[in-house]
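Some notes on the structure that comes next.
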Amino acid sequence: MEPFLHRDSLEFLLGPVEVSSSCFCLWLRIVLLARDRPSEFWIVEVAMEEKEKGEAVEVNPVTGSPFSRRYHKLLERRKKLPVWGQRSKFLDALAKRRVVVVAAPPGSGKSTQIPQFVIEAGYASEGKQIACTQPRRLVATALSRRVAQEMDVKLGEEVGYSVLFEDCTGPKTILKYLTDGLLLREAMSDQFLESYMVIILDEVHLRTLATDILLAYFKNMFKTKARCDLKLVVMSTQFEAKKFRDYFKDAQIVQPLPALHPVQITYVKEPVRDLVEAAVEKVIHILVSESTGDIIVFLTGLEEIERCCWRLGKLILDLGDKIGPVKVVPLHSVMPVDMENKVFKAAPPPTRRGGPLGRRVIVSTEIAESSLSIDDIVYTIDCGYTKQKVYNADLQVESLLVLPISRASAQRRSGCARRSAPGKCFRLYSQDFFNRVQPQDSPEILRANLAGTVLQFRKLGFDNLLHLDLMDPPPAETVMRAVETLKCLGALDDEGSLTHLGELMSEFPLDPQMSKTIVDSPKFGCSNEILSIAAMLSVPNCFLRPMENLEAADEAKATFNHIHGDHLSLLNVYRAYKLSNGDSTWCKRNFINQTVLRSADNVRGHLVSIMHKLDLTLCSTDFSSSDDYDNVRKGLLAGYFMQVAHLDHSGNYSTAKGHHVVDVHPSSSLASRPVLVIYNDFVLASRNFIRVLTDVPLDWLVEIASFAAA
358 MEPFLHRDSL EFLLGPVEVS SSCFCLWLRI VLLARDRPSE FWIVEVAMEE KEKGEAVEVN
418 PVTGSPFSRR YHKLLERRKK LPVWGQRSKF LDALAKRRVV VVAAPPGSGK STQIPQFVIE
478 AGYASEGKQI ACTQPRRLVA TALSRRVAQE MDVKLGEEVG YSVLFEDCTG PKTILKYLTD
538 GLLLREAMSD QFLESYMVII LDEVHLRTLA TDILLAYFKN MFKTKARCDL KLVVMSTQFE
598 AKKFRDYFKD AQIVQPLPAL HPVQITYVKE PVRDLVEAAV EKVIHILVSE STGDIIVFLT
658 GLEEIERCCW RLGKLILDLG DKIGPVKVVP LHSVMPVDME NKVFKAAPPP TRRGGPLGRR
718 VIVSTEIAES SLSIDDIVYT IDCGYTKQKV YNADLQVESL LVLPISRASA QRRSGCARRS
778 APGKCFRLYS QDFFNRVQPQ DSPEILRANL AGTVLQFRKL GFDNLLHLDL MDPPPAETVM
838 RAVETLKCLG ALDDEGSLTH LGELMSEFPL DPQMSKTIVD SPKFGCSNEI LSIAAMLSVP
898 NCFLRPMENL EAADEAKATF NHIHGDHLSL LNVYRAYKLS NGDSTWCKRN FINQTVLRSA
958 DNVRGHLVSI MHKLDLTLCS TDFSSSDDYD NVRKGLLAGY FMQVAHLDHS GNYSTAKGHH
1018 VVDVHPSSSL ASRPVLVIYN DFVLASRNFI RVLTDVPLDW LVEIASFAAA
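No gaps in the numbering here: position 265 of the sequence shown is 622 in the working numbering, and each next residue is one more.
So, in C-alpha cells, the structure goes:
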C-alpha cells in the first residue's frame, strides 16, 4: 500500500493541519498512529477513496471512526444467523420486561449477537456497561475477541473480558464478557452491580454453581425492588426455556427459529473398552471413507485428548497421499491464545492441484458443546462421558469423576455436526445407554462442596443458603457440612456470623482452606512462598509427558522433587522458572508447560494485589538451611489441618475426615511413607488416592490446629 501525505488525508486522520507544521512532525504523528492504531490508519485511506468518489462514509457510532471493510464482510455473515431475524422482537421484549429468556440451540448466534443488539439499542449509556457471563473462561475470551471484530473495535477497549486472575477491559469498555463466578465476586463488593444496565446470563442450561446463585440473587433483588432500571437476559437452549421463564414468572421468551440441517446418528452395538482408541479408529474411517467435512471428537479430559492427538498424528502420517492434508487441533481449557485461534482457522488447502481437500480434526472436552460455534463441522464423534466434580457429604469427599453425559448434552454434541451442512454423529455407546442416562445436566449446586459458596453468601449478606429461592435447593446435609468446615477454619463464629478472619478469607477467589493458609501465612514468615504454592495449585498440571518421550519427562520432573512432598516440589518449579526469567528453552528442556507457568505467575500477581489491598504482610524465608522449609509446611498445615491422613499399622493411609483407606497417588514426589501427611485432593476411584501431599510431624498437628482455629 502506497503511503499518503496529502492534506485532506491528514486532516481526516489527525484533525486540522497547520501549513507551518514541519514534515518531520507530520510523519512522526502518522508513524505513531500507524503503530498504535494500524486498523484506523488503513481505514482512512479507504475512507478517502470513498470521499473522492463522492460516496458517504459510514461511521462506527461506538468509536467515531469509519467502518472497515472487514466490518461489512462480517455484518453479512451476522445477518444470516437465526437470531438476527428476532432482533426487533427481542428488543421490544427487553423494553417491556425486566427479564427476557432467549431460547435457541447452539450455533444460532445468541452469544455474539444479543449483546450487540443491546448496545445498538442504547442501553450502554451514561457510563453503564453490558455484562455477558459465560461458565468457562476460554469461551468468555473467545467470544470477546469475536465480538470486538464484529463491532470493529479493539479488544480491551470498547469490548473486553474479565476472567479469574485476568482482566482485559479499560475505561472505554461498554461490553464485558466475564465468567459467572467473577460476576458473583463483583456482587460481593458492589451489592447492586451499579455499573451495569443489562446483565446477560448465557449458557444457564449448564446449571453451574455460580449461575444458579446469580439467578437466585437477581430474583431476590427484583423482589426487593432494588435496581428498578436493571434488565436481565437469560439465555438457554430451547429445551429448558419454560423452566427459566416460570422461575422469574414475568419473563418473556424469545425463541429464534433454528436454521439447522439434519444429522444422522449412529450407535455402537457393544460397549467400547478403550474410548480413545475407538475414537481414533472412527476418525481414520471418516478420513478414508466419508465425504469431505471437518470432524470434532468429544473426550473427557486433557490426558485423553493428548493421547488421541498423538495417535492420530502417527496414523495420518502413515496414510500418506490416500487422504488430503489433515490438521489435528486439541481444544480444552488449558490452551494459549495462539492454539485457541487455530481451532477457528479453516482446514488446510489441497497439497496439489485437483488433490483431495484438507480437513480439521478437533479433539475437545465438552467445552465445544455450546457457546463455541466452530464452522464446517460435519462429523461428530461422542465418547458419551464427561468429567465432573462431585461432593459426597456422607463421605465428606469431593472428587473429580468420569460420568455419563446427559441426553441434553448428547444432543448438543450431535448438533455440532448440523450447523453448516447435513452431518453425521457417531456415538461410541449404545442406544440403550443413551435412553438410560439423565435427561438433563445435573445442577452443580446438588453435587458440589458448598463451603466456598456459603462463605460468599455470608459476604453478600445472606444468613442461610437454604432460605434463598434457589431453582434447585442443595441438600441440607451438604450445607451443614459447609458451615461446620467454615467454623473449624475460624471463618464463622458459633452463631454462624462472618468473623474478621472470614472477611479476609472471602476476598481470595480460592477454596476456604487455601484462603485461610494465605491469610495466616505472615504469622509463619512465609507468605511469599505460600502465594507461589497457591498460584501453582490454581492452574493445571505444569508437567508435560509427551507420549514419545515419557522417560525423559519423568526424569526432568524428578529434579524438582522435594523430600517433604508435592507442595514444596511445586514451589521448586516456580522458583526455578522465575530464576530462568521464564525462558522457553528452559521450559522445553525441563518438559514444563510454559503457558501454565505464565498463568501461575499471573495468578500470583493478582494474589499479591489482594494482600496489599488487605494490608497483609509479604514476607519470605531465607532458605539458608533445609529446616527453613518447616515454616512453609506449618503454614500449609494451618489451612489444611482437616485434610490429614495418617499411616496405620497395616501400612495403609487413613484420612482423619471420614476414615477412608487411601493410597498415595502415583504422581506424588514423596520419597518415603511418613506417618502423617496433609493432602490437597481426594481421588475417588476403584482405589482411593490422595494427591498433592506434604508430610508433617505428628507433634505439629495439635499445636497448629489449635492455633489455626484461634
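The C-beta atom is built at its ideal place from N, Cα and C for all residues, glycine as well. Remember, predicted model here, so these are calculated numbers, not experimental data.
Each of Leu855, Cys782, Trp1057 was checked against the Cα of Ala808, and the nearest Cα belongs to Leu855. Setting aside the 5 residues that flank it on each side, Gly513 is surrounded in the same chain by Cys525, Thr526, Gly527, each with a C-beta closer than 7 Å to its C-beta; the list follows chain order. With respect to the 8 Å criterion, Leu822 and Val836 are classified as neighbours on the basis of their beta carbons. The distance from the Cβ of Leu1033 to that of Leu1050 is about 10 Å, inconsistent with a contact at the 8 Å cut-off.
Closest by C-alpha distance to His1022, out of Gly1015, Pro831, Ser1043, Ser1007, is Ser1043.
Gly818 sits exposed, since fewer than 16 C-beta atoms from the chains shown fall within 10 Å of its C-beta. Bridge partners of Met592 according to DSSP: Val459. The beta carbon of Tyr553 lies closer than 6 Å to those of Gln486, Ala488 in the same chain, with the five residues before and after it left out. In this structure, Arg804 sits away from Gln870, with a CB-CB distance that is not shorter than 8 Å.
Scanning Arg427, Gly712, Ala839 for the CA closest to the CA of Ala750 turns up Ala839.
With a cutoff of 8 Å on beta-carbon distance, Ala450 and Gln612 are scored as not near each other.
Cβ atoms of Lys873 and Gly996 come within 8 Å of each other, at about 4 Å.
Around the beta carbon of Asn792, fewer than 16 other beta carbons sit within 10 angstroms, so the residue counts as exposed.
Under the Cβ criterion (8 Å, minimum of three pairs), the region 769-787 does not count as touching the region 684-691. For Thr490, the uninterrupted beta strand (DSSP E) segment begins and ends at 486-491. Secondary structure at Leu1050: strand, using DSSP grouped into helix, strand and coil.
In the DSSP assignment, the residues bridged to Tyr1036 are Leu1050. For Asp603, the enclosing alpha helix (DSSP H) has its first and last residue at 598-605. Here Asn1037 is buried, its C-beta having at least 16 other C-beta atoms within 10 Å.
For the 8 Å CB-CB criterion, Glu523 and Asn959 form a contact.
Ranked by Cα distance from Asp651, the options Arg455, Ala778, Gly677, Arg664 are led by Ala778.
If you compare the alpha carbons of Ala452, Ser799, His1016 with that of Leu760, the shortest gap goes to Ser799. In the structure shown, the three-state DSSP call for Glu834 is helix.
Of the residues assessed, His1006 falls on the exposed side of the cut-off, its CB having fewer than 16 other CB atoms within 10 angstroms. When the beta-carbon positions are compared, Leu644 and Val683 come within less than 8 Å of each other. CA-CA distance, Gln813 to Ser863, rounds to 6 Å. Annotation: Tyr931 to Ala891 spans about 11 Å, alpha carbon to alpha carbon. The beta carbon of Tyr786 sits closer than 6 Å to the beta carbons of Gly741 from its chain, once the five residues preceding and following it are set aside; these are given in chain order. In this chain, the alpha helix (DSSP H) harbouring His924 covers 923-936.
Leu521 and Thr708 have their alpha carbons spaced roughly 42 Å apart. For Cys666, the enclosing alpha helix (DSSP H) covers residues 659-676.
Judged by beta-carbon spacing, Ala703 lies beyond the 8 Å limit of Arg716, meaning their Cβ atoms are not closer than that value. DSSP, read as helix, strand or coil, puts Asp789 in helix. In the three-state reduction of the DSSP assignment, Ile643 falls in the helix class. In the structure shown, Arg716 falls within a strand segment according to DSSP collapsed to helix, strand and coil. Between Met904 and Glu483, the alpha-carbon positions lie close to 55 Å from each other.
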